[in-house]
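One structure is given here, and the rest of the page talks about it.
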Amino acid sequence: MVRPIAIRGLSLLPALLLAGCAAVGPNYHVPEKAVVNAPEAHGAFRSGAAVTKAEPLPDRWWQLFNDPVLDGLITRALEANTDLRVADANLERSLALLGARAADREWQGSLNAETSYAQRSAEAELQHVQPPRRQIYNAGLAFSYDLDLFGGLKRGIEAATADTEAAVAARDLVRINVAAETARAYADVCNAGFQFDILERSVALQGESLALTRILVKNGRAASYEIDRRQGLLEAVRSRLPRLAARRQKALFRIAVLQGRTPEQADTSLLACRRPITLAQAIPVGDGQALLRRRPDIRMAERRLAASTARIGVETAALYPDIRLGASIGSTGAAADALSPLTNRYGLGPLLSWTVNRHAARARIDAAEDQSRADLAAFDGAVIKALREVETALNSYSAGLEQQADLDRARDEAMRVASTAAQLRRGGKIAALPMIEAERDMVSAELAAAEGRAATNDDQITLFLSLGGGWASLSREAQHSSH
């Protein structure tokens, strides 16, 4: 329970001011044993050194693909994405709550005024004479100021500030995901279009092979089952076209939704892209130290730890008295005597309140400390997760590039074989069917290389996402506009 104690004089105030010389609870700093301070977390990455460079990651990493269409898609997505709108609203809400918290440190005031025509109860006054009826009123002004001697309000503002900074990091986290998923969807549109064209060539070659086989069977130069075998090969290739077309359409819908549009509003002109997006340089990845500063999820986890640490001080302050300076002035009584010495009133002095139930306050302190330990573990986990994601992405990207090199060599070899077969056919040294088969093998090698390139694009975007780039430009633009 809380017992307010009115003190007529100010004789106790100096002693209380001296007692409350500092905010209670721990002052926040990143714990020395936190994983983010480990030397192993700050160095160069273990994987991908041969295919990346240690230069800093640019804010707009997607511009490394040098594709104006992609740049425009990401710009529009960052302007209209619904998840970003939610994150912006959550940030505004945090800012409003911070403003409300900061207002607790200001002078508080209230104004009240009321009037009524009333008669008091005679029996309540132990009388048997009917009291008079009269117009009565009550009006007054009251002001108070919390001295916050033990820092409860200060710690509350610290917690609200850290919560707001965590909301900023959460907004940045949404931003980098929107950019990465837009790039991924656009890459899917382009790669699926590229593969679709190769598959159509393969279907055409299988059709030529089937037609030629029918002629050979008719002339008794091939077994009849060859027709069924060639027909099966044709159907197998053709069966892949519908799903590939659906993949392109699905990627188109993803881009529309990322831009805050309905699937009906999808931009079908994007289907004109039929070449994979490519990087003209090695990916700049920086090092572990830069990663830990850049990743929004790490920043968000650290700010939540700061907020929970400040809340320990908020709960600890409840163990100590809360002292306010107050003043009031007003007038209460019969309307006929309004603003007369008989009705006027005023008051000036401190008000002290102190919670008697210590067990509840200490239980809340324990709960705040437990939350702080949990947030520290989450902070460590965010750091470890970030390092693991980057190393995994680098490892997959390196392996993918090796595989792509092998696929490209196989494609080039198949192209040489097809070219040789075509020359031999023109010279009459081989029949038409071996030449068609050589061309079919070449198209199959091209398709394998195209699928590998699509996987490489996906690995590249996954790596960019794990590096946490793509939010800093927004923060800088916001700061510039505020000035």
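Residues 188 to 670 (my numbering) make up the sequence shown, in order.
For each residue, glycine too, the CB sits at the ideal point set by N, CA and C.
Rounded to the nearest whole angstrom, the C-alpha separation of Glu589 and Asn277 is 44 Å.
If you draw a straight line from the Cα of Asp484 to the Cα of Asn268, it comes to about 19 Å. The count of Cβ pairs closer than 8 Å, one atom from the region 324-344 and one from the region 453-464, stays below three, leaving the stretches out of contact. Residue environment analysis places Gly338 among the buried positions, since at least 16 neighbouring C-beta atoms fall within 10 angstroms of its C-beta. When the five nearest sequence neighbours on each side are left out, the beta carbons in the same chain lying within less than 6 Å of the beta carbon of Gly656 are those of Leu244, Trp248, in order along the chain. Under the DSSP definition of a beta bridge, Ile510 partners with Leu539.
Rounded to the nearest whole angstrom, the C-alpha separation of Glu293 and Ala287 is 10 Å.
Counting every other CB atom within 10 Å of its CB across the protein chains shown gives Thr449 a total below 16, marking it as exposed. In this chain, Leu403 is not harboured by any beta strand (DSSP E); it is covered by the alpha helix (DSSP H) spanning 339-405. Nearest in C-alpha terms to Asp454, of all of Ile442, Ala237, Ala370, is Ile442. Between Ala605 and Ala625, the CB-CB gap stays under 9 Å.
Considering only Gly500, Ala228, Ala547, the residue with the shortest C-alpha distance to Leu479 is Ala228. For Ile464 against Asp645, the beta-carbon gap comes to about 11 Å, at or over 8 Å, which does not count as contact. Contact fails between the region 563-574 and the region 509-528, because fewer than three Cβ pairs, one in each stretch, are under 8 Å apart. Taking each of Cys377, His315, Leu611, Ala346 in turn and checking the Cα distance to Gln436, the smallest one comes out for Cys377. With respect to the 9 Å criterion, Leu428 and Ala347 are not classified as neighbours on the basis of their beta carbons. By DSSP's assignment, Thr519 forms a beta bridge with Asn325. The alpha helix (DSSP H) runs of length 4 or more contained entirely in the region 404-464 are, from start to end of the chain, 412-425, 427-445. Around the beta carbon of Pro528, fewer than 16 other beta carbons sit within 10 angstroms, so the residue counts as exposed. If you ignore the 5 residues before and after Pro218, its C-beta comes within less than 7 Å of the C-beta of Leu563, all in its own chain and listed in chain order. Comparing alpha-carbon positions, the option among Val444, Arg612, Lys616 lying closest to Ala372 turns out to be Val444.
Taking the Cα of Leu466 as reference, the smallest distance to any Cα among Ser281, Ala354, Leu257, Leu421 is reached at Leu257. Under the DSSP assignment, Ser495 falls in the alpha helix (DSSP H) whose first and last residues are 483-504.
By a beta-carbon distance limit of 8 Å, Gln446 contacts Arg263. Their separation comes to about 5 Å. When DSSP assignments are scanned along the region 521-594, no uninterrupted stretch of alpha helix (DSSP H) that is 4 or more residues long falls wholly within it.
Beyond the five residues adjoining it in sequence on each side, Ser583 comes within less than 6 Å, by CB distance, of Asp646 in the same chain, given in chain order. Spanning the alpha carbons of Asp350 and Ser495 requires a straight line of approximately 9 Å. Inclusion of Ala237 and Gly473 in the CB contact set at 9 Å is not warranted, their separation being larger than that value.
Counting along the chain, Asn277 sits inside the alpha helix (DSSP H) bounded by residues 269-290.
Here the alpha carbons of Leu403 and Ile617 stand approximately 15 Å from one another.
A distance below 9 Å separates the beta carbons of Ala210 and Ala504. Taking 9 Å as the cut-off, the Cβ atoms of Ala353 and Arg490 count as close. Between Leu512 and Leu271 a beta carbon distance of about 45 Å is seen, past the 8 Å cut, so the two are scored as non-contacting.
Shown here, Pro226 sits in a helix according to DSSP, grouped into three states.
Counting C-beta atoms within 10 angstroms of its own C-beta, Ala357 has 16 or more neighbours from the protein chains shown and is therefore classed as buried. At a Cβ-Cβ threshold of 9 Å, Tyr507 and Leu336 count as neighbours.
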